[in-house]
Amino acid sequence: MYTSEQLQIFQTATNQFLQSPIEADAFLANLVQLKDLLRFHEYRYYVLNDPLIADFEYDQLFKQLQHFENKHPDQITADSPTQRVGNSLNQSFQTVAHLVPMLSLDNSYNAEDLNDFDRKARELSGIDIISYCIEPKFDGASISLVYENDQLVRAITRGDGVEGEEITNNVKQIRSIPLTARFSQYGISQIEIRGEIIMSKSSFDKYNQLLVSKGDSPLANPRNAASGSLRMKDPKEVALRNLDAFLYHISYFQTIDGKKVEELSSHAGSLQLLWDLGFRSPQKEKRVVQGIQPVIDYCLEFETKRDDLPYEIDGMVVKVNSLAMQETLGMTSHHPRWAIAYKFKARQATTRLRNIEFQVGRTGAVTPVAKLDPVYLGGVTVSSISVHNEEYIREKDFKIGDHVLIERAGDVIPQIVKSLPELRNGTETTILFPKQCPVCKSELFKEESEAVWRCINIECEAQVVEKMIHFVSKDAMDIKSFGEANVRKFYELGYLKDIPGIYNLPYDLIGSMEGFGKKSLDNLQSAIESSKLQPLHRLIYALGIRFVGETTAKTLANAVENIYDFISKDEASLLALEDVGIKVAKSIHQFFQNDQNIEILHQLEALGLQLKNIKKESTGVDSLNGQTFLFTGTLSQLKRSDAEGMVEKSGGKIMSGVSSKLNYLIVGEDAGSKLEKAKRINSIHIISEDEFIALIQQNQA
Ligand code: IVH
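Residues in the sequence shown are numbered from 24 upward in steps of one, following this note's numbering.
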């Protein structure tokens, strides 16, 4: 970033500024220099971790600049180091779209998985030995930064991957993120960079000590601390938390003259470019190797160093180094085929199993939950763990009072690995599974083919409440500000009995409850009202039909004009739908043959909910509904992600490979093995990019 010559100049300048504080007006000529100087010292401190001056001296320089700017406010520029400290109190965050959707990575856990990944990449690319770049997988909160004309203009959280929350003011508090960077040097006018906001282990410990000293509870791990900090209302608070950032991916850029940037032909090149411009990229941590074996070696080597690092990492990320090859490999609907995460081994700890509680879910399934002596495990405190079902408890030979070994792998929910019978002292007791529902006391049943015991009383309080919690939840009807706590509260008070009751709440009574001001009541009411317009697939999912997840709900919604059409569908016609097997078909059929369920649908309809498949009605042409698409080769007019988005908007689905289930293969330049395979299957329409665009337009007409 800085040449040794510049380093000399900056050092001399620093001494000058520190030794002879110049009178404010004389600063004008030095202003740019002083700003550069501060940036230089920030870079030494926050990016290189190698400061050249004392904190106190930095503060002095900073104050000189502040002093000058106070006198000459017209000279304040957005990129001045003083402008990091935001003023906006109580900011609210706008939802903003990423320039390119933020995908997540596929996971691998061992050498075999990595070999598999490499084999697929070699097959798809036709290259024998692939060059890989490996770097740590930082355990923090992901972020995208947009720079335009060298200025940081936006910082957005991951959100749902497509859009996130704009938290620019908060991100400006992170001193390793430059407010300006000379992308123009490379001809770049706009760029989107991905990275991870982290809190170092030491900042995390300090922060937790502070919380505890104030009587607040400590946070579970640095990842939560980082992501929580990013959403704070006051940027000054964020500044106190000492966040840090690693930037590791350029997801989009535009050059002034449309030319390519030579430095950006490999992933390692992007890391270098970011580093050269003053970003903290994993420039030192990364390694470029040929072929998969050295990748495996580096992953294993790094794992042993994990605890010595000043920040948390939960694995390594392996990326195909050539960006051209990355393009060729493309992505599935979930993740790129050119990168994979290698997750480190699970974290383990031992503790005591003190009790088993039995919880009843929305389908009546009774789940045993082990209550444990709280134990700290790789960053979180664990005190209860689901132990699935009776059979599992027998198989694992768990007893109350047992010492147990538990483990937590990254984000995965903790599990009990085994009990340690050798440590028993005879006081341990056998776990008795209840014969009756722990909530409504009705008798429990278990089907022969199943492992779980169920309460089949559909009026069982636990089920009724859990069903409503599911109905309002984010992935179902997404009734914001309703949530589990309100469902439980309203139910206990008798304000809410069943799903239709959600749309018939006694607002006058709720308004007089503690904690319900006019604003929160209005918010709740309008969220409930707008949920009436949710598309049919959300309603189908929200009904909580067994085995019907979000994807199946979409298939079902696309298959009918109106939800009542399901009443007349038999199991065979349900089975004909994609991804619907016997178990699922049976469950859907059963649901729509139940009069009580149909009565609920009638009530919801009368309350104004959307029971029709709107898309089907309005487009008229439904030729793309349920049709499957796959792109191969390089498209010349559309970006791959945009083209895939067009398919989904038109009701079509993207497939990950060529099979007889594929309807359309869109062929770009240099199409390879997929085209060859598709030619052998008669039913696939092989079309060009132009034909694809025409098809989409026709469907929109
Ligand atoms: S690359 C399109 N590199 O891990 C590729 N991700 O599921 C973008 N992460 O969401 C991701 N360290 O938040 C990449 N060196 C690294 C990373 C990294 C951490 C996070 C990121 C992503 C998740 C993967």
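Beta carbons are placed, not taken as given, at the ideal position from N, Cα and C, and that holds for glycine.
| Asked | Found |
| --- | --- |
| In its own chain, which residues sit with a C-beta less than 6 Å from the C-beta of G433, not counting the 5 before and 5 after it? | Residue placement at G433 is poorly supported in this model, since its pLDDT is 47, which falls under 50; the coordinates are not used for a value here. |
| Are the Cβ atoms of A474 and E414 separated by less than 8 Å? | yes |
| CB-CB under 7 Å to K342, same chain, minus the five flanking residues each way: which ones, in chain order? | Y155, C156, H290, W361 and A362 |
| Please confirm if S293 has its CB atom under 8 Å from at least one CB of chain C. | No chain C is part of this structure, which consists of one protein chain only. |
| For the candidate residues H426, S356 and T180, whose alpha-carbon lies nearest to that of D129? | S356 |
| CB-CB under 6 Å to L400, same chain, minus the five flanking residues each way: which ones, in chain order? | R370, A372 and R431 |
| What residue range does the alpha helix (DSSP H) around Y415 cover? | E413 to K419 |
| For a test of the three-state rule: what should DSSP assign to K259, helix, strand or coil? | helix |
| For E745 and Y275, I'd like the C-alpha separation in whole angstroms. | Because the chain is modelled from 24 through 724, residue 745 falls outside the range shown and cannot be assessed. |
| Hey, how far is the Cα of I439 from the Cα of N244? | 20 Å |
| Thinking C-beta only, is I716 closer than 8 Å to S683? | no |
| With distances taken Cα to Cα, identify the nearest neighbour of K58 among I502, T404 and T105. | T105 |
| Assign E28 to buried or exposed, taking buried as 16 or more other Cβ atoms, counted over all protein chains shown, within 10 Å of its Cβ. | exposed |
| Whose C-beta lies closer than 6 Å to the C-beta of V185 among residues of the same chain, with five residues either side of it excluded? | P124 |
| Beta strand (DSSP E) containing C156: first to last residue? | S154 to F161 |
| Within the continuous beta strand (DSSP E) that includes R342, where are the two ends? | Sequence inspection shows Lys at residue 342; the Arg mentioned does not correspond to that position. Element bounds for K342: I336 to V343. |
| I'd like the list of long-range same chain contacts for Y526, defined as Cβ closer than 6 Å, with 5 residues on each side in sequence excluded. | L630 |
| Name the DSSP beta bridge partners of R477, please? | A388 and F468 |
| Have a look at M500 and E507 and give me their C-alpha separation to the nearest angstrom. | 13 Å |
| Is the closest heavy atom of the ligand IVH to the C-beta of R217 under 7 Å? | yes |
| Among the candidates V607, Q720 and S659, whose CA atom is the shortest distance from the CA of V571? | V607 |
| Cβ atoms of Y209 and E286: under 8 Å apart, would you say? | yes |
| Within the present structure, is the beta-carbon of P359 separated from the nearest heavy atom of the ligand IVH by less than 7 Å? | yes |
| If distances are taken between C-alpha atoms only, which option among V119, K577, I522 and T404 comes closest to E622? | I522 |
| Say whether the stretch 143-155 touches the stretch 275-284, bearing in mind that this needs 3 or more beta-carbon pairs closer than 8 Å, one atom from each stretch. | no |
| Count the other CB atoms, across all protein chains shown, that sit within 10 Å of the CB of M491; report buried if there are 16 or more and exposed otherwise. | buried |
| Any idea what DSSP makes of G643, helix, strand or coil? | Because the pLDDT of G643 is 40, which lies under 50, any placement of that residue in the model is unreliable, and the number read from its coordinates should be weighed accordingly. Coil at G643, not helix or strand. |
| Which same chain residues end up closer than 6 Å to L600 when comparing Cβ atoms and leaving out the 5 residues on each side of it in sequence? | T578 and A582 |
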